[in-house]
Structure formats: C-alpha cells, structure tokens
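Contents: one structure, followed by commentary.
In my numbering, the protein residues as written are 309 to 540.
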C-alpha cells in the first residue's frame with residue numbers, strides 16, 4: 309500500500325513554472341510548498357487515480373480514496389570558491405512539498421483531503437526534526453566532508469525512519485484497522501508535535517529558494533539536491 313523512494317541525488321531540470329505566492333500558499337505548477345495554515349483542496353489532486361495500481365481497490369475496501377504524494381526537498385548551496393567551500397558547511401534549505409501531478413482523488417471527499425493534509429504536516433514535522441538535528445551536529449564538525457557524511461547517514465536516515473513509522477501508524481489506525489476518532493486524535497498529536505518544534509518551522513525564504521531556483525547568497529552555487537519522497 310505504501311511506496312517510498314529513499315533519499316537519492318537527483319538533477320533539477322529547468323522547467324518553465326507558473327507560480328503564485330500569497331499569504332498562505334506558495335506554489336508553482338507542480339508543487340505546493342508547506343506553510344503555516346495552508347489548506348489543500350480537491351483541485352490540488354491532479355493525477356488520474358484510476359491509473360494508479362490498486363488505487364480503486366483501496367478506495368473500495370479501506371476508504372483510501374484520496375492520496376497525497378509528498379516530499380521533503382533539500383538543497384545545499386556552497387561557496388563558488390573552492391578554498392572557502394572546504395571550510396563552509398553550506399547553506400541548507402529544507403522544504404516539504406506536495407506534488408500535484410502525483411496526488412489523486414477518486415472521490416469528491418473533503419474529509420479524505422483533510423486526512424491527507426495531515427500526511428503533509430507529518431512531512432513538516434520531519435523537516436523540523438532534521439533542522440533541529442542539523443543545529444546539533446553543526447557544532448561538532450568543521451570539515452565539510454565529515455559533516456555531510458554524518459548528516460546524510462545519521463540524521464537523514466533517522467528522520468526517514470521516524471517519518472515512515474508515523475505514516476504507517478497513521479495509515480493503520482485511520483484506514484486499515486480504523487479506530488474510533490482516529491483522525492481527530494492524530495490531528496491533535498501532530499499539532500502538538502509541530503508546536504514542540506515550532507522554532508524549526510519551514511520559512512518563506514526556504515520555499516522561495518525552491519520556487520525561484522536561485523541562490524540567495526552571493527558567490528554561492530547549488531551543490532546538492534536531495535529528494536525524500538513519500539506516496540502512501
């Protein structure tokens with residue numbers, strides 16, 4: 309039922325994006341970037357779910373008729389000067405995104421949309437966890453290579469495990485073996501988790517780094533792009 313693609317290096321291609329930005333939504337033609345108070349609606353789920361293997365079966369049997377494809381994208385910008393690059397750990401941007409092209413809704417079910425919005429919020433909690441751990445290990449390393457290896461092998465892998473566990477438990481209690489008031493209880497739980505890490509929330513600056521595809525700091529260039537995808 310769940311598909312996961314682990315962290316892997318990918319190339320960003322140059323697309324012509326139509327994008328918008330207002331108080332609550334930062335988005336382009338493909339992605340919605342997580343921001344506080346953001347809401348999803350049925351029109352955001354653009355993929356034809358009838359083409360997704362087993363989707364109609366899950367809809368009929370466990371009422372999983374709306375499915376969000378979510379992702380944590382990470383960019384590291386590094387100094388263009390090689391001498392500075394070795395001593396600079398880089399500017400790291402971490403953003404949860406909702407993929408419109410891969411998300412589907414087989415029914416006009418607003419409850420299902422809200423249930424999948426919670427998955428998007430779990431992505432945001434994971435991003436906050438990564439930033440918190442990043443702050444800790446930055447103090448331990450001066451060498452860029454050692455820092456990146458530790459960050460990738462320890463922090464990102466651990467974050468992936470935590471996220472997967474949360475989504476699996478949520479899927480079990482809301483869809484597979486539904487418990488009374490499961491969604492309400494999970495909504496409260498995830499809201500509290502987000503509050504605990506409120507100091508590490510995704511910023512508009514991070515979203516804009518992905519939206520406009522330009523480095524923010526002068527004399528920096530993109531060196532790494534990571535995508536940690538989830539399509540539950």
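Where a beta carbon is used, it is the ideal one built from N, C-alpha and C, also for glycine. It should be emphasised that the depicted structure is a prediction, and the values quoted were computed from it without experimental measurement.
Between residue 356 and residue 377, the beta carbon gap of about 13 Å keeps them out of contact (Cβ cut-off 8 Å). Of the candidates 510, 456, 469 and 468, 456 places its Cα closest to the Cα of residue 395. Going by beta carbons, residue 397 and residue 446 fall inside the 9 Å limit. In terms of Cβ geometry, residue 341 and residue 419 do not form a close pair [threshold 9 Å]. Listed as beta-bridge partners of residue 339 by DSSP are 407. Around the CB of residue 478, 16 or more other CB atoms lie within 10 Å, so the residue is classed as buried. Nearest Cα to residue 410 within the set 513, 336, 526 and 354: 354. Where residue 394 is concerned, the enclosing alpha helix (DSSP H) starts and stops at 390–395. In this structure, residue 475 places its C-beta atom within 9 Å of the C-beta atom of residue 430. Within the stretch 418–491, the complete alpha helix (DSSP H) segments of 4 residues or longer fall at 418–446, 452–458 and 465–479, listed in chain order. For the pair residue 381 and residue 518, the CB atoms are nearer than the 9 Å cut-off. Annotated three-state conformation of residue 382 is strand, per DSSP. If you check the CB distance, residue 403 and residue 510 come in under 9 Å.
Closest in alpha carbon position to residue 470, among 522, 486, 435 and 371, is 435. In this structure, residue 525 lies near residue 399, with their beta-carbon atoms less than 9 Å apart. Our two residues, residue 336 and residue 361, have alpha carbons roughly 27 Å apart in a direct line. Here the alpha carbons of residue 529 and residue 387 stand approximately 6 Å from one another. For residue 366, the enclosing alpha helix (DSSP H) starts and ends at 363–370. Residue 462 places its beta carbon 9 Å or farther from that of residue 423.
Around residue 432, the same chain offers 342, 404, 502, 509 and 510 as residues with beta carbons nearer than 8 Å, after the five sequence neighbours per side are excluded.
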